[in-house]
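Asker: Everything in the sequence shown is counted per my numbering, starting at 1 for the first residue and increasing by one.
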Amino acid sequence: SLQSLSVSSGREDSPSITVNQCLSFDGVRKSLSDVKKRLEEFCQEEFIKIPQHHSCDLTLDPNTVNYNLILSEKNRVATCSKTEQPYSHHPERFDIYYQVLCKESVCGRCYWEVEWSSEGSVYISVSYKDISRKGLGNNCWFGGNNQSWSLRCSSSSLCFCHNNAETDLSAPSSSRIGVYVDHSAGTLAFYSISDTMELLHRVHTTFTQPLYAGFNLTYYGSIFLQRQKVLGLYRSLLRTIRKVPDEGDRKYLKDWAREEFKRNKEARDQ
1 SLQSLSVSSG REDSPSITVN QCLSFDGVRK SLSDVKKRLE EFCQEEFIKI PQHHSCDLTL
61 DPNTVNYNLI LSEKNRVATC SKTEQPYSHH PERFDIYYQV LCKESVCGRC YWEVEWSSEG
121 SVYISVSYKD ISRKGLGNNC WFGGNNQSWS LRCSSSSLCF CHNNAETDLS APSSSRIGVY
181 VDHSAGTLAF YSISDTMELL HRVHTTFTQP LYAGFNLTYY GSIFLQRQKV LGLYRSLLRT
241 IRKVPDEGDR KYLKDWAREE FKRNKEARDQ
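#1: Between Cys102 and Asp130, how many whole angstroms is the CB-CB distance? I'm expecting something under 8 Å.
#2: Grab the span of the beta strand (DSSP E) containing Asp79 for me, first residue to last.
#3: Going by DSSP in three states, Gly248 sits in which element: helix, strand or coil?
#4: Please name the residue, chosen from Tyr111, Asn164, Asn75, that lies closest to Leu188 on a Cα-to-Cα basis.
#5: For Lys254, which of helix, strand or coil comes out of DSSP?
#6: For Asn68, which residues in the same chain have their Cβ closer than 8 Å to its Cβ, ignoring the five residues on either side in sequence?
#7: Rounded to the nearest angstrom, what separates Ala185 and Thr206 at their Cα positions?
#8: Can you give me the C-alpha to C-alpha distance between Gly144 and Thr196, rounded to a whole angstrom?
#9: What are the partner residues of Glu113, as DSSP defines its beta bridges?
#10: Mind checking which residues open and close the beta strand (DSSP E) that includes Trp149?
#11: I need the straight-line Cα distance from Ala213 to Ser150, nearest angstrom please.
#12: With distance defined between alpha-carbon atoms, name the residue in Val100, Asp182, Pro210, Ala165 nearest to His271.
#13: Are the beta-carbon atoms belonging to Ile96 and Leu71 less than 7 Å from one another?
#14: If we call anything under 7 Å between Cβ atoms a contact, is Phe142 one with Asn63?
#15: Quick one: what's got a C-beta closer than 7 Å to Ile193's C-beta in the same chain, skipping five residues either side?
#16: Looking only at its own chain, which residues have a Cβ that is under 6 Å from the Cβ of Thr167, when we skip the five neighbours before and after it?
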């Protein structure tokens, strides 16, 4: 029932897999086992090969996190809490708004993804590092000043915010958002990520300082910064597996790919 399966990263030296069209029933599972073995080899090789010049693995900066945000998963998850955390006082910490910045600056071209959940709103933002941190006011709020740009996400709506101006977006809300920055070109774009990638909003401006990814959360809200290298390989495998014509075979390989993705993710989080 398998016709063909080919895996390639687009490079001439990349491994490829081919399964003949005519297979007996007795040989199907053996062929799938062979495919699985080759995919495992492909995984190990491609984790090294995938280019990193656009994908960014970001981490949240504990020195900036508000007292009501809890960091976890090696500073890739932020969760809003009603209970203040015993963080030390720091000049870079947001003391009023439930906000946090990432450690790594965004220069050149950079892409990252974030999953979010909230009973209210989450602001997915980029900001200059010298945004104000103390007190109330638009000068501290992501999207409320000329130093930050923000996509406000809720379960029912999306809105782009900059310099205290809001632009309502007609696209449906999404729980996974991709962010792309081309710093020298002055481009900032937000994408809805599911089985497809849909542009939500694009900005053309001039960035005068390095940018930092940032987030604003409300009660019961959380964000999760994805590991881009692992995520990219997983999607590449799923795109290839979708070409397998038999539904049962596709499910077998998808289940294996999910377990492989989970295993590699857990190993890299150790």
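The beta-carbon is built from N, C-alpha and C at its ideal position, and this holds for glycine as well.
Answerer: According to the data block:
#1: The pair is not a contact, with the Cβ atoms about 15 Å apart (cut-off 8 Å).
#2: The identity of residue 79 in the sequence shown is Thr, whereas the question assumes Asp. The continuous beta strand (DSSP E) containing Thr79 extends over residues 77-80.
#3: Note: Gly248 maps to helix in three-state DSSP.
#4: Cα-wise, what sits closest to Leu188 is Tyr111.
#5: Helix, per DSSP.
#6: Answer for Asn68: Cys80, Ser81, Lys82, Thr83, Glu84, Gln85, Tyr98, listed in chain order.
#7: A direct Cα-to-Cα measurement between Ala185 and Thr206 gives close to 7 Å.
#8: About 31 Å.
#9: Paired residues: Gly178.
#10: Unbroken beta strand (DSSP E) run through Trp149: 148-153.
#11: Ala213 and Ser150 have their alpha carbons spaced roughly 10 Å apart.
#12: This structure gives no information on residue 271, because the portion of the chain shown stretches from 1 to 270.
#13: Cβ distance not < 7 Å, so Ile96 and Leu71 don't count as in contact.
#14: No; because the gap between Cβ atoms is not below 7 Å, this pair is not in contact.
#15: The answer, listed in chain order, is Glu113, Ser174, Arg176, Ile177, Gly178.
#16: Excluding sequence neighbours, Thr167 sits near Phe160.
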